[in-house]
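*Asks:* One structure, as structure tokens, below. Some questions next.
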Amino acid sequence: MDNSDLFVCIDHVGYAVSDLDEAIKLHCDTFGWRVLHRETNEEQGVEEAMLGTGEQGAQNAQIQLLAPLNDSSTIAKWLERNGGRGGVQQVAYRVEDIDAVSATLRERGVTLLYDAPKIGTGGSRIQFAHPKSTGGILLEIVEPPAAAAH
Ligand code: CMX
Numbered sequence: 000m001d002n003s004d005l006f007v008c009i010d011h012v013g014y015a016v017s018d019l020d021e022a023i024k025l026h027c028d029t030f031g032w033r034v035l036h037r038e039t040n041e042e043q044g045v046e047e048a049m050l051g052t053g054e055q056g057a058q059n060a061q062i063q064l065l066a067p068l069n070d071s072s073t074i075a076k077w078l079e080r081n082g083g084r085g086g087v088q089q090v091a092y093r094v095e096d097i098d099a100v101s102a103t104l105r106e107r108g109v110t111l112l113y114d115a116p117k118i119g120t121g122g123s124r125i126q127f128a129h130p131k132s133t134g135g136i137l138l139e140i141v142e143p144p145a146a147a148a149h
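Following numbering that gives the first Met the number 0, the numbering of the sequence shown begins with 0 at its first residue and continues without gaps.
Below, the structure written as structure tokens:
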């Protein structure tokens, strides 16, 4: 089985946090990350920040901080289930062609959450694999906007 065309690399690891500014302060002041990008994604119910380290930009693996926009947000539910504590909510794999990779994963029995990819950070296209079909990890698949794919 040739798997070489599935994933490019780990794109980011997503942490659920209850307060975005507090989390940014912790990860930047204490751990030395810096904010590369910040946005609100209404559809996903999140306020988020992408963090990079040193001179690295979005081409390298990032940390994503995800705070709930409202009580019905996926992140609010995740935090509630976790006793209000933050933690790793997802791992995201970068792909070059999300439609092709989604089709391959479906063929292999992976449960994908959306019929078609949705819009994620910075205009990327995203899809999720349900944790029940990945061994317990919420897996995001992300196709960056064309210019940032490599
Ligand atoms: N990681 C691992 N397991 C998780 C999980 C997570 N993040 N979220 C839920 N689960 C587990 C629960 O513990 C539960 O397991 P048990 O049944 O063994 O108790 C099970 O999954 C529940 O699944 P569910 O009833 O289908 O659905 P939930 O309401 O818990 O929601 C999920 C889970 C994956 C469908 C939901 O989190 C989702 O839609 N995620 C995709 C969208 C998202 O995460 N958006 C925010 C980030 C946006 C971005 O990255 O840009």
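Glycine residues also receive a C-beta, built at the ideal position from the N, C-alpha and C atoms.
Should G122 be listed as close to the ligand CMX, given that the test is whether its C-beta is under 7 Å from any heavy atom?
*Replies:* Along the sequence shown, read from residue 1 onward, the residue named residue 122 stands at position 123. No; taking the cut-off as 7 Å, the Cβ of G122 has no heavy atom of the ligand CMX nearer than that.
*Asks:* Going along the chain, which residues of its own chain have a beta-carbon closer than 7 Å to the beta-carbon of K117, five neighbours each way excluded?
*Replies:* Here the question's residue 117 lines up with position 118 in the sequence shown. Excluding positions up to five away in sequence, the list reads E42, I125.
*Asks:* Compute the minimum distance between the beta carbon of I74 and the heavy atoms of the ligand CMX, and state whether it is under 7 Å.
*Replies:* Stepping through the sequence shown from its first residue, residue 74 is reached at position 75. It does: the Cβ of I74 is within 7 Å (strictly closer) of some heavy atom of the ligand CMX.
*Asks:* For A148, I'd like the list of residues in its chain whose CB is within less than 7 Å of its CB, leaving aside the five on either flank, ordered along the chain.
*Replies:* Along the sequence shown, one-based indexing puts residue 148 at 149. Bear in mind that the predicted position of A148 carries a pLDDT of just 48, short of 50, making it too unreliable to give a figure here.
*Asks:* Quick test of your reading: I74 and H26, contact by CB under 8 Å. State the CB separation rounded to the nearest angstrom.
*Replies:* For the purposes of this step, residue 74 is taken as the residue at position 75 of the sequence shown. For the purposes of this step, residue 26 is taken as the residue at position 27 of the sequence shown. Not confirmed; about 16 Å, so no contact.
*Asks:* List the residues that DSSP assigns as beta-bridge partners of V34.
*Replies:* As a working mapping, residue 34 is identified with position 35 in the sequence shown. For V34, which the question treats as bridged, DSSP gives the partners L50.
*Asks:* Using the Cβ count rule (16 or more neighbours within 10 Å means buried), how would you classify D70?
*Replies:* By 1-based counting over the sequence shown, the position of residue 70 is 71. When all chains shown are included, D70 counts as exposed.
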